[in-house]
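Novice: Numbered continuously in the UniProt record's numbering, the sequence shown closes out at residue 62.
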Amino acid sequence: MAITPLPSAPLPTDGASEFNRKAFALIGALDAFVSETNDVADLVDTASKTSMSQVEFMRLPF
Numbered sequence: 001m002a003i004t005p006l007p008s009a010p011l012p013t014d015g016a017s018e019f020n021r022k023a024f025a026l027i028g029a030l031d032a033f034v035s036e037t038n039d040v041a042d043l044v045d046t047a048s049k050t051s052m053s054q055v056e057f058m059r060l061p062f
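Here's what the structure looks like:
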């Protein structure tokens, strides 16, 4: 799963309309960014738990 890149942040040197356009685009993208980041964190957490359970299984005496 990939996280969608955020749009460019506004710069102090941007004109007012360009600054506003970039600012609204950036703020508008944050909800999806947070959701995608949380999804990736869940995948990493699941993968680490799976890996740890496999390590524990390999330590069992046969």
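Note that CB positions come from ideal geometry on N, CA and C, so glycine has one too.
(1) Once DSSP output is grouped into helix, strand and coil, what is the label at Met52?
(2) My assumption, with CB atoms under 8 Å, is that Met1 sits in contact with Leu30. Please give the rounded CB distance.
(3) From the DSSP output, in three-state form, read off Ala9 for me.
(4) Ala9: which of Ile3, Ser17, Ala16, Ile27 sits nearest, CA to CA?
(5) Return the CA-CA distance between Lys22 and Lys49, expressed in angstroms with no decimal places.
Specialist: On the basis of the data shown:
(1) Here residue 52 refers to the residue found at position 52 when the sequence shown is read from its first residue. In this structure, Met52 counts as helix in the three-state DSSP scheme.
(2) Counted from its first residue, the sequence shown places residue 1 at position 1. Counted from its first residue, the sequence shown places residue 30 at position 30. Between Leu30 and Met1 the Cβ distance is about 18 Å, and since that is not below 8 Å, they are no contact.
(3) Numbered from 1 along the sequence shown, position 9 holds the residue referred to as residue 9. Looking at Ala9 - three-state DSSP - the assignment turns out to be coil, as it is neither helix nor strand.
(4) To locate residue 9, count along the sequence shown from 1; it is residue 9. Of the candidates Ile3, Ser17, Ala16, Ile27, the one whose C-alpha sits nearest the C-alpha of Ala9 is Ile27.
(5) Here residue 22 refers to the residue found at position 22 when the sequence shown is read from its first residue. Here residue 49 refers to the residue found at position 49 when the sequence shown is read from its first residue. Whole-angstrom Cα-Cα distance: 40 Å.
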